[in-house]
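Chains as they are written, first to last, in the working numbering: chain H, 53 to 235; chain B, 4 to 366. Positions of the beta carbon are idealized from the N, C-alpha and C atoms, including for glycine. Treat the numbers as computed from the prediction; the structure is a model and nothing was measured.
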């Protein structure tokens with residue numbers, strides 16, 4: 053099986069399960085200090101600080117959303133301007149053809165629509181959705197990641213036996229459980 | 004603590020006050036309209052601060068750790084602010100057309116706009132606000148304040164009617180039901196901006212608190228902009244002679260530029276800055292946005308009042324702003340000084356001498 057960039061879930065690794073997000077964060081910090089770099093975190097909700105520890109860069113999503121909003125606003129305004137002032141000029145109550153205050157609500161709505169649609173699609177793209185299967189789903193107890201557990205997946209490092217090191221770093225019991233994950 | 008800031012504040016108050024006093028001998032109407040326009044800005048700070056304190060009592064949130072101490076200090080200034088209204092109350096006919104017999108005759112709303120009822124309402128607002136200020140200072144910040152919810156409702160009602168009375172009735176034949184909430188939106192924005200500025204300048208804030216304050220400022224900007232724009236949109240769409248005159252006065256000549264600048268400086272610009280996270284997370288960025296918002300809000304208050312009165316802009320407006328701001332700062336520094344003395348004498352003994360001091364302890 054080939055190694056996929058990003059997840060690397062076709063690699064062998066271990067899965068550490070935590071009952072508590074703070075314990076998970078603490079363990080993640082220790083793992084980073086020991087030089088583990090291929091890590092992935094799964095949990096029922098986002099935990100602040102994980103992105104920094106995993107070294108995730110801020111993605112292009114905010115910029116895409118702002119650009120979509122700008123385009124939606126310009127397009128929305130032009131749609132009304134074109135309809136009311138250029139294509140079918142109509143005198144309504146003596147107001148100017150380009151009655152921009154009246155265009156403002158629809159301009160805003162169309163900007164919001166563009167942000168929502170483009171943002172949602174871009175978000176799915178960045179999350180590698182729609183992807184229906186990943187080998188990590190086979191790990192025992194992985195479904196708890198969407199319920200009440202916080203999981204750290206630790207890739208096996210080539211040519212090294214980290215079993216002893218991991219046992220020290222992540223003492224079992226105390227709400228911590230470690231499983232081997234087959235490739 | 005150095006005495007220099009206190010002396011500077013007293014000097015500013017005296018200088019502004021002297022300009023207004025001398026001016027009052029020559030042209031009392033000009034001084035009073037500048038005075039009312041500045042009062043609209045300064046009274047908003049304690050009122051907005053009370054609303055934010057009650058809202059924090061109800062909802063909690065880590066932003067309170069940074070913002071509650073300066074908000075409590077602003078509430079302490081309420082009695083002084085109320086005293087500043089006295090010159091306006093003494094000389095109603097100078098500002099309000101409904102108080103002048105000749106102009107009041109054709110008005111249909113004289114049952115509401117007449118001097119005795121006006122004074123009675125002003126007294127009622129003062130009593131309610133002072134009571135709520137006590138409740139805010141005693142109860143807030145401890146997680147349980149039974150008066151928070153009723154206090155917010157009372158404030159919503161009284162501030163709406165006070166803004167109708169004191170600010171909207173300078174043009175007694177004009178009315179807008181959004182006006183009260185628009186004023187409240189501006190007051191929330193002003194109080195939150197000043198609290199954020201104070202927290203950034205003196206307090207220690209962590210990244211989470213800064214992010215929360217930035218998000219709240221964004222929400223306040225949006226609320227104020229939404230209410231202001233909706234009033235404009237409705238009046239502009241209807242284009243009725245007795246309604247649009249309010250905007251004709253405020254959008255013609257130089258005031259039109261002031262309005263455009265206000266929409267930029269109190270709406271678009273801070274919004275664009277706050278959705279950019281490097282600004283929202285940094286102390287300097289938040290402080291700069293808060294400063295911009297305060298300046299723009301002051302300009303908005305002048306824009307709301309001055310074009311509606313004969314004569315328009317007057318240099319007594321900045322003078323009155325300086326006088327009121329200097330007086331507030333002086334009282335503030337004096338209280339802080341008084342609060343510091345006991346703790347300096349007996350080490351870590353609890354500071355009981357002043358409410359601001361007890362607020363500062365939280366930070």
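Cβ pair residue i, residue j closer than 7 Å
i: residue 151 (chain B); j: residue 209 (chain B); result: no
i: residue 222 (chain H); j: residue 68 (chain H); result: yes
i: residue 84 (chain B); j: residue 52 (chain B); result: no
i: residue 141 (chain H); j: residue 131 (chain H); result: no
i: residue 317 (chain B); j: residue 33 (chain B); result: yes
i: residue 172 (chain B); j: residue 234 (chain B); result: no
i: residue 230 (chain B); j: residue 183 (chain B); result: no
i: residue 273 (chain B); j: residue 205 (chain B); result: no
i: residue 94 (chain B); j: residue 35 (chain B); result: yes
i: residue 154 (chain B); j: residue 57 (chain B); result: yes
i: residue 157 (chain B); j: residue 131 (chain B); result: yes
i: residue 286 (chain B); j: residue 203 (chain B); result: yes
i: residue 367 (chain B); j: residue 175 (chain B); result: This structure gives no information on residue 367 (chain B), because the portion of chain B shown stretches from 4 to 366.
i: residue 128 (chain B); j: residue 161 (chain B); result: yes
i: residue 190 (chain B); j: residue 50 (chain B); result: yes
i: residue 40 (chain B); j: residue 295 (chain B); result: no
i: residue 90 (chain H); j: residue 207 (chain H); result: yes
i: residue 64 (chain H); j: residue 230 (chain H); result: no
i: residue 113 (chain B); j: residue 107 (chain B); result: yes
i: residue 284 (chain B); j: residue 207 (chain B); result: no
i: residue 289 (chain B); j: residue 221 (chain B); result: no
i: residue 322 (chain B); j: residue 23 (chain B); result: yes
i: residue 97 (chain B); j: residue 149 (chain B); result: no
i: residue 194 (chain B); j: residue 339 (chain B); result: no
i: residue 204 (chain H); j: residue 80 (chain H); result: yes
Span of the alpha helix (DSSP H) around residue i
i: residue 66 (chain H); result: Where residue 66 (chain H) is concerned, there is no enclosing alpha helix (DSSP H), although the beta strand (DSSP E) it sits in stretches over 65–70.
i: residue 59 (chain B); result: 31–62
i: residue 176 (chain H); result: 152–178
i: residue 306 (chain B); result: 286–308
i: residue 240 (chain B); result: 210–241
i: residue 130 (chain H); result: 113–133
i: residue 269 (chain B); result: First-last for residue 269 (chain B): undefined, no H or E at that position.
i: residue 161 (chain B); result: 151–169
i: residue 199 (chain B); result: 182–205
i: residue 246 (chain B); result: 244–254
i: residue 106 (chain B); result: 104–107
i: residue 128 (chain B); result: 118–142
i: residue 70 (chain B); result: 66–79
i: residue 217 (chain H); result: 215–221
i: residue 103 (chain H); result: 102–106
i: residue 89 (chain B); result: 89–93
Sheet register partners of residue i (DSSP bridge)
i: residue 99 (chain B); result: Answer is none; residue 99 (chain B) lacks a bridge partner.
i: residue 202 (chain H); result: H:70
i: residue 92 (chain H); result: H:205
i: residue 230 (chain H); result: H:68
Task: Short-range partners of chain H found in the stretch 217–239 of chain B, where Cβ spacing is below 8 Å - done: Cβ contacts with chain H come from 232, 235, 236, 239.
Open item on the list: Below 8 Å, how does it come out for the stretch 154–167 of chain H and the stretch 79–99 of chain H: are there three or more Cβ pairs, yes or no?
Closed with: Judged by Cβ distances under 8 Å, the stretch 154–167 of chain H makes no contact with the stretch 79–99 of chain H, as fewer than three pairs qualify.
Open item on the list: Could you check whether the stretch 185–201 of chain B touches the stretch 57–75 of chain B, counting it as contact only if at least three pairs of C-beta atoms, one from each stretch, sit closer than 8 Å?
Closed with: Yes, the stretch 185–201 of chain B touches the stretch 57–75 of chain B.
Open item on the list: For the pair the stretch 125–134 of chain H and the stretch 79–91 of chain H, tell me if three or more CB-CB distances fall below 8 Å.
Closed with: Judged by pairs of C-beta atoms under 8 Å, the stretch 125–134 of chain H does not touch the stretch 79–91 of chain H, as fewer than three such pairs exist.
Open item on the list: Assess contact between the stretch 233–243 of chain B and the stretch 326–335 of chain B, defined as three or more Cβ pairs (one per stretch) separated by less than 8 Å. Is contact present?
Closed with: In this structure the stretch 233–243 of chain B does not touch the stretch 326–335 of chain B; the number of beta carbon pairs closer than 8 Å is below three.
TODO: Could you name the residues of the stretch 138–149 of chain H whose beta carbon sits closer than 9 Å to any beta carbon of chain B, in the order they occur along the chain?
DONE: Hits within the stretch, in order: 145, 146, 147.
Task: the stretch 153–167 of chain H: positions lying closer than 9 Å to chain B by Cβ - done: The residues in question are 153, 154, 156, 157.
Open item on the list: Assess contact between the stretch 194–213 of chain H and the stretch 111–118 of chain H, defined as three or more Cβ pairs (one per stretch) separated by less than 8 Å. Is contact present?
Closed with: Verdict: no, contact absent.
- [ ] Below 7 Å between beta carbons is the criterion; list the residues of the stretch 114–148 of chain B that meet it against any residue of chain H, in chain order.
- [x] Of all residues in the stretch 114–148 of chain B, none has a Cβ within less than 7 Å of some Cβ in chain H.
TODO: Determine, using beta-carbon pairs with one atom in the stretch 289–304 of chain B and one in the stretch 35–52 of chain B, whether at least three such pairs fall under 8 Å.
DONE: Contact holds: three or more Cβ-Cβ distances are below 8 Å.
Open item on the list: Quick check: the stretch 7–17 of chain B against the stretch 255–274 of chain B, are at least 3 beta-carbon pairs closer than 8 Å?
Closed with: Here the stretch 255–274 of chain B does not lie against the stretch 7–17 of chain B, with fewer than 3 beta-carbon pairs under 8 Å apart.
TODO: Quick one: which residues of the stretch 239–271 of chain B get their C-beta closer than 8 Å to a C-beta of chain H? List them in chain order.
DONE: With the criterion set as a beta carbon lying under 8 Å from some beta carbon of chain H, the members of the stretch 239–271 of chain B are 239, 240, 242, in sequence order.
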